[in-house]
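FYI, this note's numbering numbers position 225 of the sequence shown as 263, with every residue one higher than the one before it. Every residue, glycine too, gets a C-beta built ideally from N, C-alpha and C.
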Amino acid sequence: MEVSITINGEKKSIRAGILSVNSLYETAECGGEQIFLSRKDDIDIPLLPEEYLVVYGGEEFVIGKNNTENNPPLRKGVHFRFNGSDLALERAKITGKTLKEHDKDIPMGRLFVDIEGGVDIEVADDMIMVIQDKESYFVIPPSDSDDLDLIDVEECGKHERRPPKGKRYRIRIDRDKYRVDSEKITGTAILELAGKNFQEWSLNQKFRGGKREKIKADDVVDLTHPGVERFETVRLQAQQGEIAYELPEEDIEYLDAHYSSRWKKTSEGNGKYGLIIENFPLPGGYTLEESTLMVLIPSGYPGSGLDMFYFDPPLNRSDGQAIGCSDSIETHFARQWQRWSRHYQWNPGSDFLVNHIEYVRNELEKEVS
Numbered sequence: 039m040e041v042s043i044t045i046n047g048e049k050k051s052i053r054a055g056i057l058s059v060n061s062l063y064e065t066a067e068c069g070g071e072q073i074f075l076s077r078k079d080d081i082d083i084p085l086l087p088e089e090y091l092v093v094y095g096g097e098e099f100v101i102g103k104n105n106t107e108n109n110p111p112l113r114k115g116v117h118f119r120f121n122g123s124d125l126a127l128e129r130a131k132i133t134g135k136t137l138k139e140h141d142k143d144i145p146m147g148r149l150f151v152d153i154e155g156g157v158d159i160e161v162a163d164d165m166i167m168v169i170q171d172k173e174s175y176f177v178i179p180p181s182d183s184d185d186l187d188l189i190d191v192e193e194c195g196k197h198e199r200r201p202p203k204g205k206r207y208r209i210r211i212d213r214d215k216y217r218v219d220s221e222k223i224t225g226t227a228i229l230e231l232a233g234k235n236f237q238e239w240s241l242n243q244k245f246r247g248g249k250r251e252k253i254k255a256d257d258v259v260d261l262t263h264p265g266v267e268r269f270e271t272v273r274l275q276a277q278q279g280e281i282a283y284e285l286p287e288e289d290i291e292y293l294d295a296h297y298s299s300r301w302k303k304t305s306e307g308n309g310k311y312g313l314i315i316e317n318f319p320l321p322g323g324y325t326l327e328e329s330t331l332m333v334l335i336p337s338g339y340p341g342s343g344l345d346m347f348y349f350d351p352p353l354n355r356s357d358g359q360a361i362g363c364s365d366s367i368e369t370h371f372a373r374q375w376q377r378w379s380r381h382y383q384w385n386p387g388s389d390f391l392v393n394h395i396e397y398v399r400n401e402l403e404k405e406v407s
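Now the structure itself:
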């Protein structure tokens, strides 16, 4: 896109984006004198041919002799956006490498300048940038050495970085990663990458912090949307001999880490599903040290909430006092269970089985405290 700038009061047309100062000298035809970036109510910044600046349109430049240092301290400093937050520098010139080092999480990542309405541009470590107040820069995790222009969407999401536009992307579907050659992709195309379809599977988009959004076949997903981490598939119908529900990956990781081989999914074949954890440890204050925990899993989980929990054998307090709201015995999965009638507000997108089991542990401790 062509924009207008002013050099010594004369308007000139120039392409917006990162500009080599050397090309600005060629445009200005300044006859051996120096070009300065004019700053209102502050010192003009002398520009050198080996430097770079971002042109948005409306910049004013003047030509003259330099009587100051090449990167002078500014009276007001330069104020711009960096990783979504405000950053102020005393001087306007900085290398890409030094600017990246302001990122405490990934100082060795890749630096981009956010070009509003255009393709974001990567800034090399050795580029000397002349920063303006209106600019915005961000750092994303480095790519694999064998595919340097590939943007890992999950890594960006984990580090709270918005993936830049106009690049190739790596997305994660369940446990596997796939390459996408466009910043936008349909739900159908995402499932096709994983060898699945919407007749047998549903698709969720997971964001940083646990939030999920359901994706339909014709929905267009923007991979540059901030906070996206990965995609998850859930089978709609059971295969022969299979229990027809799947758990989010963080649930599985939690269960494997804390309960190893002691947990399993179960079903009665009539649309009733559950999760069982054998040898679930109990806090002090009960007559047993462990019991079997069961949680009923409703259709539509995790969008549908978990409620209550069950034990077999039943729990009793060691002091002989009755346990509140736990005197009902119910039969599920050909087994009798003591029902603990405990309820709380379920928040779809942020609450999962992980939260529910921690809630169980807290309720057990609270009962005998």
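Measure the beta-carbon distance from residue i to residue j and round it to whole angstroms, keeping in mind my assumption that it falls under 8 Å.
i           : j           : result
residue 82  : residue 75  : 6 Å
residue 350 : residue 381 : So it is not a contact: roughly 21 Å between Cβ atoms.
residue 312 : residue 370 : 6 Å
residue 52  : residue 59  : Contact doesn't hold; Cβ gap of about 12 Å is too wide.
residue 45  : residue 99  : 5 Å
residue 56  : residue 50  : No, residue 56 and residue 50 are not in contact; Cβ-Cβ is about 17 Å, not under 8 Å.
residue 161 : residue 134 : 4 Å
residue 241 : residue 229 : 6 Å
If distances are taken between C-alpha atoms only, which option among the options comes closest to residue i?
i           : options            : result
residue 142 : 178, 151, 115      : 178
residue 103 : 124, 68, 96        : 68
residue 226 : 111, 219, 234      : 234
residue 63  : 230, 85, 327       : 85
residue 271 : 259, 357, 253      : 253
residue 146 : 111, 176, 155, 205 : 176
residue 322 : 386, 353, 388      : 353
residue 218 : 117, 208, 224      : 208
residue 341 : 181, 107, 286, 320 : 286
residue 214 : 80, 157, 190, 196  : 190
residue 324 : 361, 223, 292      : 361
residue 87  : 73, 77, 96         : 73
residue 239 : 221, 223, 269, 299 : 269
residue 79  : 307, 66, 115, 70   : 115
residue 366 : 383, 372, 348      : 348
residue 101 : 70, 273, 108, 389  : 70
residue 222 : 402, 257, 195      : 257
residue 173 : 224, 236, 97       : 97
residue 111 : 122, 121, 128      : 128
residue 171 : 130, 154, 188      : 130
residue 383 : 193, 343, 392, 231 : 343
residue 255 : 337, 224, 388      : 224
residue 402 : 327, 334, 391, 211 : 327
residue 47  : 156, 39, 66        : 66
residue 196 : 267, 374, 139      : 267
residue 137 : 194, 157, 164, 228 : 164
residue 169 : 334, 120, 289, 291 : 120
residue 330 : 181, 376, 237, 289 : 376
residue 140 : 152, 155, 122, 194 : 122
residue 391 : 406, 288, 298      : 288
residue 307 : 372, 299, 339      : 372
Could you please give the first and the last residue of the uninterrupted beta strand (DSSP E) stretch that includes residue i?
i           : result
residue 117 : 116–120
residue 52  : 48–53
residue 350 : 347–350
residue 42  : 40–45
residue 177 : 174–178
residue 159 : 159–161
residue 366 : 366–370
residue 148 : 148–151
residue 73  : 72–75
residue 167 : 166–168
What first and last residue would you give for the alpha helix (DSSP H) that runs through residue i?
i           : result
residue 402 : 391–406
residue 382 : Counting along the chain, residue 382 falls outside any alpha helix (DSSP H), and DSSP gives it neither H nor E.
residue 64  : 59–66
Taking 8 Å as the cut-off, is the CB of residue i close to at least one heavy atom of the ligand COA?
i           : result
residue 229 : Ligands displayed in this structure: none; no statement on the ligand COA is therefore possible.
Three or more beta-carbon pairs under 8 Å between the stretch 244–254 and the stretch 294–306, yes or no?
-> no
What are the complete beta strand (DSSP E) segments, minimum 3 residues, inside the stretch 307–344?
-> 311–319, 328–335
Can at least three beta-carbon pairs, one atom from the stretch 258–274 and one from the stretch 194–203, be found at a separation below 8 Å?
-> yes
Length-filtered (3 minimum) beta strand (DSSP E) runs lying within the stretch 186–235 | 188–190, 206–211, 214–218, 222–224
Fully enclosed by the stretch 81–140, which alpha helix (DSSP H) runs are 4 residues long or longer?
-> Taking 4 residues as the shortest admissible run, the stretch 81–140 contains the following complete alpha helix (DSSP H) segments, listed from N- to C-terminal end: 134–138.
With a cut-off of 8 Å, do at least 3 Cβ pairs link the stretch 395–403 to the stretch 354–362?
-> no
Note down, one range per segment and in chain order, each alpha helix (DSSP H) of at least 4 residues found wholly within the stretch 240–307.
-> 287–297
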